[in-house]
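Peer 1: Submitted below is the structure of interest, expressed as structure tokens.
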């Protein structure tokens, strides 16, 4: 998985490479600018630059220097490149000045000193944003703000160099004007601002270029955050043996369902089936069994004792549940299970006695909101999958504090309960007890619909049952879940998406990785 860094960490890596390892800054800038040019050519121009007019808008710093390099290559490949510098060329310095001096035609550089100098960007085919880099903080003001508005209003594809100007590299926050890019080409490592909203919405397609940082320059930063990647998922997913049978592909048990919530149990069960589990059992209140027999075709239902006429699981179901778990590879507890006090007592006892990897979700998590002692004492592998509200209740931290720094609180929860924490959201963070946090880049707003969390639980427990470690199961699970959501959005649009649509697209997701 590629490291995920702050602007400060990236500056340290850059400094370590240049000052500590003797890598010339000009070489790094050359590779960066060329990388932007190559991705612009390949992603937007199908490999051909001829007969294309490109405006490269540069600031006076290193981001502008990257822009000069980018434009130089595009010009060499046949594009008609015009440069626009925010400020005076006489104020350029360092590597940016050197690359300005390397331009074959300096007359192609126009200084923008006031709003009257702003060109008609709509006259160009493509615009390159090389105004501000990852070190920018605050709000874009004055002439620069007018330039950004003009670029955004031109209606032409914009390629951002390193990060869209105006987006805070650490938080994704925007205080004023900001470039809306169709393509962003960043260097060395992706930054948080590429993935955190609202910056994520202005990043467009994100590409990362290796510009020649030695591995030691990156590892020396002791980074503890990563972006879940397709290569990682491909390597982690299990291969199915030619002589596999249903008993060898993972047996999972999902404790779920209550009155009005059979859908949650069915979604989790069907998702587990579609995610490769050989046998899926759904334990449910006995009076709801007939309903789930209809909703679940491939999964097996297990009717369990319930509370009177409440149609929710009773404490006395414990013996039967533990008996079933003797021959099970992974357990999920929580989808639609209710917060009845007897059901909660059942959940507490199951979690305390279990010996197999477990996913704890939804009302399973809410069971421990008032007393999380059992979770702190857990000995068998555990994955918790809260959204921010559930985590707030679970650890007693104000909701706004968690929302402000979801990565850190996911890490805190993982360490507190010695488990893997999947903090669901946009984006989702997965954290392990060792302090590692992994950001999931897949998914979209169409997944903000009831039941999608139940689908995620089914995917993760199926992967656990097939032998993946808790961290791998969680990271692969959220990536596949989001990828299914992206495919569903492509087919149906975000507004009309429902949780079941993710289950329908899961086969296409798995075909992408495994036949």
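Residue numbers (the working numbering): 1225 to 1739. Even for Gly, the Cβ is constructed at its ideal location relative to N, Cα and C. Because the structure is a prediction, the values reported are computed rather than measured.
My assumption, with CB atoms under 8 angstroms, is that residue 1304 sits in contact with residue 1407. Please give the rounded CB distance.
Peer 2: Position 80 of the chain shown, counted from the first residue, corresponds to residue 1304. Position 183 of the chain shown, counted from the first residue, corresponds to residue 1407. Beta-carbon to beta-carbon, residue 1304 and residue 1407 are separated by about 19 angstroms, too far to satisfy the 8 angstroms threshold.
Peer 1: Using a 10 Å radius around the Cβ and a threshold of 16 neighbouring Cβ atoms, would you call residue 1680 buried or exposed?
Peer 2: Indexing the chain shown from 1 puts residue 1680 at position 456. Buried: at least 16 other Cβ atoms inside 10 Å.
Peer 1: Going along the chain, which residues of its own chain have a beta-carbon closer than 8 angstroms to the beta-carbon of residue 1265, five neighbours each way excluded?
Peer 2: Position 41 of the chain shown, counting from 1, holds the residue named residue 1265. Here the set comprises 1271, 1272, 1273, 1298 and 1301.
Peer 1: Quick check on residue 1575: does DSSP put it in helix, strand or coil?
Peer 2: On the chain shown, position 351 is the one that residue 1575 refers to. Helix at residue 1575.
Peer 1: Could you check which residue in 1610, 1306, 1236 and 1459 has the C-alpha nearest to that of residue 1649?
Peer 2: Position 425 of the chain shown, counted from the first residue, corresponds to residue 1649. Nearest of 1610, 1306, 1236 and 1459 to residue 1649, Cα basis: 1610.
Peer 1: Exposed or buried, residue 1738, counting other C-beta atoms within 10 Å across all chains shown (16 or more means buried)?
Peer 2: The residue given as residue 1738 occupies position 514 in the chain shown. Per the 10 Å Cβ criterion, exposed.
Peer 1: In terms of residue numbering, what span does the beta strand (DSSP E) encompassing residue 1647 cover?
Peer 2: For the purposes of this step, residue 1647 is identified with residue 423 of the chain shown, where counting begins at 1. Segment 1644-1647, the beta strand (DSSP E) holding residue 1647.
Peer 1: Shortest alpha-carbon distance to residue 1514 belongs to which of 1503, 1528, 1502 and 1677?
Peer 2: By 1-based counting over the chain shown, the position of residue 1514 is 290. Ranking 1503, 1528, 1502 and 1677 by Cα distance to residue 1514 puts 1528 first.
Peer 1: Looking at C-beta atoms only, is the number of pairs between the segment 1639-1656 and the segment 1681-1701 that lie closer than 8 angstroms three or more?
Peer 2: yes
Peer 1: Pull the bridge partners of residue 1227 from the DSSP assignment, please.
Peer 2: Looking up residue 1227 in the chain shown gives position 3. Looking at the DSSP assignment, residue 1227 forms a beta bridge with 1450.
Peer 1: Could you check if residue 1509 is buried or exposed, using at least 16 other CB atoms within 10 Å of its CB as the buried criterion?
Peer 2: In the chain shown, the residue the question calls residue 1509 occupies position 285. Answer is buried; the Cβ neighbour count reaches 16.
Peer 1: How big is the Cα-Cα spacing for residue 1288 and residue 1260?
Peer 2: Against the chain shown, residue 1288 aligns to sequence position 64. Against the chain shown, residue 1260 aligns to sequence position 36. Inter-residue distance for residue 1288 and residue 1260 is about 12 angstroms (C-alpha atoms, whole angstroms).
Peer 1: For residue 1550 and residue 1523, I'd like the C-alpha separation in whole angstroms.
Peer 2: As a first step, residue 1550 is located in the chain shown; it is residue number 326 there, counting from the start. As a first step, residue 1523 is located in the chain shown; it is residue number 299 there, counting from the start. Rounded to the nearest angstrom, the two C-alpha atoms are 18 angstroms apart.
Peer 1: Report yes if the C-beta distance between residue 1675 and residue 1491 is below 8 angstroms; otherwise report no.
Peer 2: As a position in the chain shown, residue 1675 is number 451, starting the count at 1. As a position in the chain shown, residue 1491 is number 267, starting the count at 1. Yes; because the gap between Cβ atoms is below 8 angstroms, this pair is in contact.
Peer 1: Give the secondary structure of residue 1341 by DSSP, where H, G and I count as helix, E and B as strand, and everything else as coil.
Peer 2: Here residue 1341 refers to the residue found at position 117 when the chain shown is read from its first residue. If DSSP states are grouped into helix, strand and coil, residue 1341 belongs with the helices.
Peer 1: Decide if residue 1582 is buried, meaning its Cβ has at least 16 other Cβ atoms within 10 Å, or exposed.
Peer 2: In the chain shown, the residue the question calls residue 1582 occupies position 358. Burial call: buried.
Peer 1: Excluding the 5 residues flanking residue 1436 on each side, which residues of the same chain have their C-beta closer than 7 angstroms to its C-beta?
Peer 2: Against the chain shown, residue 1436 aligns to sequence position 212. 1247, 1251, 1252 and 1255.
Peer 1: Looking at the secondary structure, which residues open and close the alpha helix (DSSP H) in which residue 1627 lies?
Peer 2: As a first step, residue 1627 must be located in the chain shown, where it is residue number 403. 1623-1628 is the extent of the alpha helix (DSSP H) around residue 1627.
Peer 1: Just how far apart, CA to CA, sit residue 1462 and residue 1690?
Peer 2: Here the question's residue 1462 lines up with position 238 in the chain shown. Here the question's residue 1690 lines up with position 466 in the chain shown. Near 7 angstroms, if we compare the C-alpha coordinates of residue 1690 and residue 1462.
Peer 1: Please name the residue or residues paired with residue 1507 in a DSSP beta bridge.
Peer 2: As a first step, residue 1507 is located in the chain shown; it is residue number 283 there, counting from the start. Residue 1507 pairs with 1479 and 1526.
Peer 1: Check this for me: beta carbons of residue 1682 and residue 1562, under 8 angstroms apart or not?
Peer 2: Counting from 1 along the chain shown, the entry for residue 1682 is found at position 458. Counting from 1 along the chain shown, the entry for residue 1562 is found at position 338. Not in contact: residue 1682 and residue 1562 (Cβ atoms no closer than 8 angstroms).
Peer 1: In three-state terms, what does DSSP make of residue 1616?
Peer 2: The residue given as residue 1616 occupies position 392 in the chain shown. In this structure, residue 1616 counts as helix in the three-state DSSP scheme.
Peer 1: One question on the structure: do residue 1569 and residue 1590 come within less than 8 angstroms of each other, judged by their Cβ atoms?
Peer 2: Here residue 1569 refers to the residue found at position 345 when the chain shown is read from its first residue. Here residue 1590 refers to the residue found at position 366 when the chain shown is read from its first residue. Cβ atoms of residue 1569 and residue 1590: not closer than 8 angstroms.
Peer 1: Taking the C-alpha atoms as reference points, what is the distance between residue 1416 and residue 1545?
Peer 2: Taking the chain shown and counting its residues from 1, one reaches residue 1416 at position 192. Taking the chain shown and counting its residues from 1, one reaches residue 1545 at position 321. Roughly 43 angstroms separates the two Cα atoms.
Peer 1: Can you tell me whether residue 1547 is buried or exposed? The criterion is at least 16 other CB atoms within 10 Å of its CB, across all chains shown.
Peer 2: As a position in the chain shown, residue 1547 is number 323, starting the count at 1. Within a 10 Å sphere around the beta-carbon of residue 1547 sit fewer than 16 other beta-carbons, which makes this residue exposed.
Peer 1: Quick one: is residue 1564 buried, meaning 16 or more other Cβ sit within 10 Å of its Cβ, or exposed?
Peer 2: Start at 1 with the first residue of the chain shown, and residue 1564 comes out as number 340. Within a 10 Å sphere around the beta-carbon of residue 1564 sit 16 or more other beta-carbons, which makes this residue buried.
Peer 1: So which of 1231, 1229 and 1354 has the shortest CA-CA distance to residue 1278?
Peer 2: Indexing the chain shown from 1 puts residue 1278 at position 54. Cα-wise, what sits closest to residue 1278 is 1354.
Peer 1: Going straight from the alpha carbon of residue 1223 to that of residue 1633, what length do you get?
Peer 2: Because the chain here runs from 1225 to 1739, residue 1223 falls outside it and cannot be looked at.
Peer 1: Quick one: is residue 1429 buried, meaning 16 or more other Cβ sit within 10 Å of its Cβ, or exposed?
Peer 2: Taking the first residue of the chain shown as position 1, residue 1429 is located at position 205. Residue 1429 is exposed by the Cβ-count criterion.
Peer 1: Would you mind giving the Cβ-Cβ distance between residue 1421 and residue 1396, rounded to the nearest angstrom? I have them listed as a contact below 8 angstroms.
Peer 2: Here residue 1421 corresponds to residue number 197 of the chain shown, with the count starting at 1. Here residue 1396 corresponds to residue number 172 of the chain shown, with the count starting at 1. Indeed they touch by this definition, with Cβ atoms about 6 angstroms apart.
Peer 1: Which of helix, strand or coil does DSSP assign to residue 1730?
Peer 2: Taking the chain shown and counting its residues from 1, the one referred to as residue 1730 is at position 506. Residue 1730 falls in the helix class under three-state DSSP.
Peer 1: Quick check on residue 1635: buried or exposed, where buried means 16 or more other Cβ atoms within 10 Å of its Cβ?
Peer 2: Here residue 1635 is taken as the residue at index 411 of the chain shown, counted from 1. When all chains shown are included, residue 1635 counts as buried.
Peer 1: What residues in its chain sit with their C-beta under 7 angstroms from that of residue 1196, if we drop five residues either side in the sequence?
Peer 2: In the structure as shown, the chain starts at 1225 and stops at 1739, and residue 1196 therefore has no counterpart that could be examined.
Peer 1: So residue 1712 and residue 1721 are supposed to be a Cβ contact under 8 angstroms. How far apart are they, rounded?
Peer 2: Start at 1 with the first residue of the chain shown, and residue 1712 comes out as number 488. Start at 1 with the first residue of the chain shown, and residue 1721 comes out as number 497. That belief holds up - the Cβ atoms of residue 1712 and residue 1721 are roughly 5 angstroms apart, short of 8 angstroms.
Peer 1: So what's residue 1299 in DSSP terms, helix, strand or just coil?
Peer 2: Taking the first residue of the chain shown as 1, we reach residue 1299 at position 75. Residue 1299 falls in the helix class under three-state DSSP.
Peer 1: For residue 1673, which beta-bridge partners are listed by DSSP?
Peer 2: Taking the first residue of the chain shown as position 1, residue 1673 is located at position 449. Looking at the DSSP assignment, residue 1673 forms no beta bridge with any residue, so it has no partner.
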